[in-house]
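First up is the structure itself, then whatever we jot down about it.
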Amino acid sequence: MKNTEVRNAFVNYFKKNGHTHVASSSLIPENDPTLLFTNAGMNQFKNCFLGLEKRDYTKAVTSQKCVRAGGKHNDLDNVGFTARHHTFFEMLGNFSFGDYFKKDAIHYAWEFLTVELKIPKDKLYVTVFLDDDEAADIWHKQEGVPKDRIFRLGEKDNFWRMGDVGPCGPCSEIFYDHGPDFGKIADPFESIKAGEDRYVEIWNLVFMQFEETAPGQMTPLPKPSVDTGSGFERLTAAVQDCWNNYNTDLFQEIIKTGLAKANSKLDYNEMMKWERANIKTLNSGAALSTEQKQKFEDLTAVRVLADHCRSTSFLLADGALPSNEGRGYVLRRIMRRAIRYGRKISTEKSLLLPMAEALIVAMGDFYPELKQRKDAILSTIRDEEARFLQTLDNGTVIFHDEIKKLKAANSKTISGETIFKLYDTYGFPVDLTALMAAELGFAVDEAGFEKVMQASKEKAKSSWKAKSLQADEKHVIEFGQKHSSQPTKFIGYDHLVAKSKVIALSNGSKEVASLKAGETGYAILDTTPFYAEGGGQVGDHGLLLSTNVDAKVHDCVKQGSVFLHQIEVITGELKLNETVNAHVESKERRQTASNHSATHLMHSALRIVLGTHVTQAGSLVDSSKTRFDFTHNKPLTAEEIKKIEELVNTEISHAHTVKVENMGHKAAIDKGAMALFGEKYGDEVRVLTMGQPVLAANEKPFSIELCGGTHVHNTAEIRAFKITSESGVSAGVRRIEAITGDAVIELFMKNTEEVKQARQATGLASDKSIVEWIEAKKEEVKDLQKQIKKAQSGQINVDEIAKTAQTFAGDAKYVFADLALDDREVLSQINDQLKNKIQKGVVIVMGSGEATHPVIISVTKDLTSQYQAGTLLKDFAQVLGGKGGGRPDFAQGAVPDRSKIKEANQVVYTKLGIK
7 MKNTEVRNAF VNYFKKNGHT HVASSSLIPE NDPTLLFTNA GMNQFKNCFL GLEKRDYTKA
67 VTSQKCVRAG GKHNDLDNVG FTARHHTFFE MLGNFSFGDY FKKDAIHYAW EFLTVELKIP
127 KDKLYVTVFL DDDEAADIWH KQEGVPKDRI FRLGEKDNFW RMGDVGPCGP CSEIFYDHGP
187 DFGKIADPFE SIKAGEDRYV EIWNLVFMQF EETAPGQMTP LPKPSVDTGS GFERLTAAVQ
247 DCWNNYNTDL FQEIIKTGLA KANSKLDYNE MMKWERANIK TLNSGAALST EQKQKFEDLT
307 AVRVLADHCR STSFLLADGA LPSNEGRGYV LRRIMRRAIR YGRKISTEKS LLLPMAEALI
367 VAMGDFYPEL KQRKDAILST IRDEEARFLQ TLDNGTVIFH DEIKKLKAAN SKTISGETIF
427 KLYDTYGFPV DLTALMAAEL GFAVDEAGFE KVMQASKEKA KSSWKAKSLQ ADEKHVIEFG
487 QKHSSQPTKF IGYDHLVAKS KVIALSNGSK EVASLKAGET GYAILDTTPF YAEGGGQVGD
547 HGLLLSTNVD AKVHDCVKQG SVFLHQIEVI TGELKLNETV NAHVESKERR QTASNHSATH
607 LMHSALRIVL GTHVTQAGSL VDSSKTRFDF THNKPLTAEE IKKIEELVNT EISHAHTVKV
667 ENMGHKAAID KGAMALFGEK YGDEVRVLTM GQPVLAANEK PFSIELCGGT HVHNTAEIRA
727 FKITSESGVS AGVRRIEAIT GDAVIELFMK NTEEVKQARQ ATGLASDKSI VEWIEAKKEE
787 VKDLQKQIKK AQSGQINVDE IAKTAQTFAG DAKYVFADLA LDDREVLSQI NDQLKNKIQK
847 GVVIVMGSGE ATHPVIISVT KDLTSQYQAG TLLKDFAQVL GGKGGGRPDF AQGAVPDRSK
907 IKEANQVVYT KLGIK
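The following block contains the structure:
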């Protein structure tokens, strides 16, 4: 049975048993600050289990994308070395929200495994919580599992909690026996407790049975629920009789493709045969021969690559990008770990890139986001790999130099300073340095690294600062959910004013009957013209007015089907059930709508000018600007920016009517509408169309996108469009900020006035170019600067300074010059002149600045094998509180303190052997 058949069988079995198939949520958790990445199937149902959200189904089945590579759930270090650990995996799950409980959950699991998948019952073992007699009885009496195959375990293994308080309950797990060759312990109970690879957990049933109000204080839930998870990779391994997940068809083609593209001599089939023949030796922990060690390292490397290409590709598909903090830093760690392992196998060709391509082909049908963002995924991998490989070799040299020093000193620990240097200068994640050290039998001083790193410590450990759901946040969610039976009627597309009834009020911590002058909180209205934040567009501002109250609306957000108006009562008292006049601030709305519509036109223009690889990677639209992040791997040229502006302004000038349609999601996609990345869409969507086809043969309008935001009715209302900045956000992602309407006119008028004033100041005639005048003046300034520097250099008597040289190492000479200059170019010229005078030796020239003082050191090439300029500079500058660096023959830096020049010179004397 192929892996796709296993997944389909799972989904179809539970659909047949009344479960609603729910698509996998993104790996980037939506509105959940407690999670780094989605790491379990139940994440998207968290509010359902907390009772904060109700859906139109009570039973669900999913195949959920998960990543565990940071924070509490971190499997990164085990990947490749064990048969069952992954950074990316799929969690098959079936869920009951107060519908069925233990009997049905256990029956579904056992029937699916033994009947649908035909897994032999004698291959399966079951664990239950120590005190869960009910579950043990169901397994034995209902499903016929022998008592000697049902093991009881304690809280650590078989009791689940969402947090310190909240829903909790016992677990029951199913283990698959891969056979005696894959474990050292014969007794199944002891082997399971030891976590050996012989008995692998393939299913976990969580019975949410209790509400824990305080540690140890539990009361039965009125509607107990079920949360189950079956690791797809482990289950596929069991069905395909593969003791190692990486030997299944989920990974084999990816690995074989990578090895083939890299022209590697390694053959994965032969590698698996070798592993199978030596499995007892590998599992025993016995010392391996040099040949065995090399084969195991090669096998581990290709498996790490296969795993990491999956997590890399899926994270990039869901919008994560490599960076130096948070989620992006975890992704970068994964990518660089993979690149380094790939370099161990192939020094000429990338393995990560072809493996990612193979993954997209293999899994793109079930997860279409892989295909949709293929270009962005591959270009980001390509860029990150090129960036890291530039420094990998240099960093590796530094690493091995440190190892040589440690061996000479008979030490086994790499210092925190070296770890920091590899991290800060060469981009080596700390765990990569630790991995390289461990391969050679060395340890790393992580505590020392953290001390050196100081404020950046969190970055090395994953800078994501998770927080628990605060009481007020929980209240706001509950407040919205409580009133979800009365969905807010939004009329803001057509009206900016409405008569509205106040149906609920909150002060942010609890529900109240009224809010008085000076108080803030949330109001739910039966009808509202206020747009709630979403799709990158900010929420509306405005007023709630009546004879009794004057209140400001500072923001509007959506909680399910309810709009929460964030308000401040200015005068009077806002009461429950009161009727108010809701006014949206019209100028802000108009400008925001103009910016949002221009964003759609700009998105299309970007794809026309740069290519269809361009997709949205984030946006922010408010009344002052539009900010648009998009996938592209290099800065835009001035010509490209000009072309984009021309395309957008042409569409504005054509005064096209903006067409709005509501239709089914599939119909909209079939029509050619673009779904903006990261947005969630319902069954019915709003389709926004602007402009005519770009080419006569092109039947698509200039822009057609799914969008729930507010927009202009005619493109002419935008008036004008201007890009104000273009910059890089991270690898493979650029950012444009732009303005429209009044802001463009104001900018144009301001620039026109400044040009007029500049012409008056320069005395230029109207037919002369200001740019040409400025360029001519810049050349004049350069000539004057050269003359000044020449004059400064000529004032220094190099011959006299050279006479102060001191001899060392035979006929070599050391010259130190302390000059009242701060121009590095002049100081460098003087340094060269002194070096030519002495012909062989070391020259230090120190200048004098305001805050810091420049230092330049040169060493003649015939001495660089004994004395390096960079090393001498480091020692000299350190005494004066400064730093610097450079080549063996030339280095420069800066120091803040001139008071210890004599002591700094003495350090150099000692290094050169001058007495």
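The numbering used here applies: residue 7 is where the sequence shown begins, and numbers increase by one. The C-beta atom is built at its ideal place from N, Cα and C for all residues, glycine as well.
Cα-Cα separation between residue i and residue j, rounded to whole angstroms
| i | j | result |
| --- | --- | --- |
| His91 | Asn84 | 6 Å |
| Ser709 | Arg240 | 45 Å |
| Thr813 | Lys819 | 4 Å |
| Gly348 | Asp371 | 27 Å |
| Gln476 | Gly514 | Caution is warranted here: a pLDDT of 44 is assigned to Gln476, below 50, making its placement in the model unreliable, and the coordinate value is therefore given only provisionally. Each residue's Cα considered, the two are about 12 Å apart. |
| Lys355 | Lys267 | 8 Å |
| Val171 | Asp478 | 16 Å |
| Ala599 | Gly697 | 16 Å |
| Gly738 | Leu616 | 13 Å |
| Thr306 | Phe87 | 6 Å |
Identity of the residue in the options nearest residue i by Cα
| i | options | result |
| --- | --- | --- |
| Val914 | Phe822, Gln898, Trp116 | Phe822 |
| Gly911 | Thr663, Val848, Asp817, Arg349 | Strictly speaking, residue 911 in this sequence is Asn, with Gly absent from that position. The candidate whose alpha carbon is nearest that of Asn911 is Val848. |
| Leu428 | Arg765, Glu408, Leu446 | Glu408 |
| Lys841 | Asp829, Gly876, Asp805 | Asp805 |
| Asn164 | Pro35, Pro221, Glu574, Gly175 | Gly175 |
| Ile844 | Leu833, Thr810, Ala857 | Thr810 |
| Lys52 | Pro173, Lys129, Glu591, Asp138 | Pro173 |
| Ser939 | His571, Gln698, His560, Ser905 | Because the chain here runs from 7 to 921, residue 939 falls outside it and cannot be looked at. |
| Leu358 | Gln378, Ile383, Arg379, Glu375 | Ile383 |
| Leu918 | Lys906, Gly890, Ser512, Phe882 | Phe882 |
| Phe213 | Asp105, Arg343, Met278, Ala243 | Asp105 |
Residue i, DSSP secondary structure in three states
| i | result |
| --- | --- |
| His589 | strand |
| Asp203 | coil |
| Val666 | strand |
| Gly747 | helix |
| Asn210 | strand |
| Ile862 | strand |
| His27 | strand |
| Cys713 | coil |
| Ala415 | coil |
| Trp249 | coil |
| Asp829 | coil |
| Glu179 | strand |
| Asn639 | coil |
| Arg13 | helix |
| Ser512 | strand |
| Phe426 | helix |
| Ile497 | coil |
| Ser352 | coil |
| Asp233 | strand |
| Ala818 | strand |
| Ile576 | strand |
Cβ neighbour criterion (16 or more within 10 Å) applied to residue i
| i | result |
| --- | --- |
| Glu276 | exposed |
| Thr721 | buried |
| Lys301 | buried |
| Asn587 | exposed |
| Asn416 | exposed |
| Glu831 | exposed |
| Val901 | buried |
| Met341 | buried |
| Asn45 | buried |
| His406 | exposed |
| Lys21 | exposed |
| Met608 | buried |
| Thr916 | exposed |
| Pro860 | buried |
| Met48 | buried |
For residue i, the residue or residues it bridges with in DSSP
| i | result |
| --- | --- |
| Gln543 | Gly540, Val627 |
| His571 | Ala529, Cys562 |
| Thr695 | Lys665, Ile710 |
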